[in-house]
Amino acid sequence: MKKYAVITGASSGIGYELALQWANLGYHAICIARRGDKLTELKEKSPDRIHPVTFDLVNFNEYPRLLKEIEAITPYIDVLINNAGILINKPFDEFSPDEFDRMVNVNYKAPYFLLQGLLPFIEKSTLKSIINIGSIGGVDNTDKFPGLSIYSSSKGAISTLTECLAKELSVKNISINCLALGAVRTEMLSKAFPGYIPNLTPDKMAKFIVKFILQNDQIINGKVLQVAGVEV
0 MKKYAVITGA
10 SSGIGYELAL
20 QWANLGYHAI
30 CIARRGDKLT
40 ELKEKSPDRI
50 HPVTFDLVNF
60 NEYPRLLKEI
70 EAITPYIDVL
80 INNAGILINK
90 PFDEFSPDEF
100 DRMVNVNYKA
110 PYFLLQGLLP
120 FIEKSTLKSI
130 INIGSIGGVD
140 NTDKFPGLSI
150 YSSSKGAIST
160 LTECLAKELS
170 VKNISINCLA
180 LGAVRTEMLS
190 KAFPGYIPNL
200 TPDKMAKFIV
210 KFILQNDQII
220 NGKVLQVAGV
230 EV
């Protein structure tokens, strides 16, 4: 039976590598992102297994259309990876309400309502795995950094949501975990922190995430796991 994963934020960075690695294993990746040109480029690398869906996840009123597009590809979803995110590095007292809303909508509200919409698809699967991509900055008692008040708070909300939904969804035999990532060498990070180059690359992180999904087999559920490379 074919395995289908929905991957958000698939036009670059970790999401892009996740889609490639998932497809290279012979599985199917439904890739959601705003940048249709990058999704077209991604599909060219695995035409039969990459299914691009150009969509802005903050258009919540358009979710019924998104779900119909996914349903046209497959009636079930084995894995949902809520990877899409936005990071604005700015002092607390300089954020506008619009910037606040954008970050919370992308980092927290979108994963919530996408999962809500895809739940009937996931229930039809045998794997039934949900991965929320969080941040170490959103975990209690970790180092926090100036300028990341909204980013870290929104990722903290994802961590708590994961723990809550693990209880709710356990009756449906669905596992949900949050991988709280450290710094990864992505376009998003480089824009927020110019000149900072982490050791960990998107392909290495994607490899870890895919391995975690396939080996977990619902053994781990409701956990917020810190995942970071060694910085020197």
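In case it helps, numbering that gives the first Met the number 0 puts the sequence shown at residues 0 to 231. Built from N, CA and C at the ideal position, the CB exists for glycine as well.
- Per DSSP, the beta bridge partners of Cys177 are Asn131 and Val223.
- Positions of the alpha helix (DSSP H) runs, each at least 4 residues long and wholly inside the segment 30–109, are given as 35–43, 62–72 and 96–103 in order along the chain.
- A straight line joining the alpha-carbon of Ala109 with that of Arg64 spans about 15 Å.
- For the set Gly221, Pro51 and Lys206, the Cα lying nearest the Cα of Lys166 is the one of Gly221.
- Apart from sequence neighbours up to five positions away, the residues of its chain that approach Ser151 with a beta-carbon distance below 7 Å are Ser134, Gly136, Gly137 and Lys143, ordered along the chain.
- Secondary structure of Ile6 (DSSP, three-state): strand.
- Separation of Pro201 and Leu38 (C-alpha to C-alpha, rounded to the nearest whole angstrom) is 17 Å.
- Counting the other CB atoms within 10 Å of its CB gives Asn60 a total below 16, which places it among the exposed residues.
- For Leu17 against Val170, the beta-carbon gap comes to about 28 Å, at or over 8 Å, which does not count as contact.
- Sequence-distant Cβ neighbours of Ile72 in its own chain, meaning closer than 7 Å and more than five residues away, are Ile29 and His50.
- Classified as buried, Gly155 has 16 or more neighbouring CB atoms from the shown chains inside 10 Å of its CB.
- With respect to the C-alpha of Met0, the residue from Lys123, Leu199 and Phe54 having the closest C-alpha is Lys123.
- Here Leu126 really is in contact with Lys2; their C-beta atoms are around 7 Å apart, less than 8 Å.
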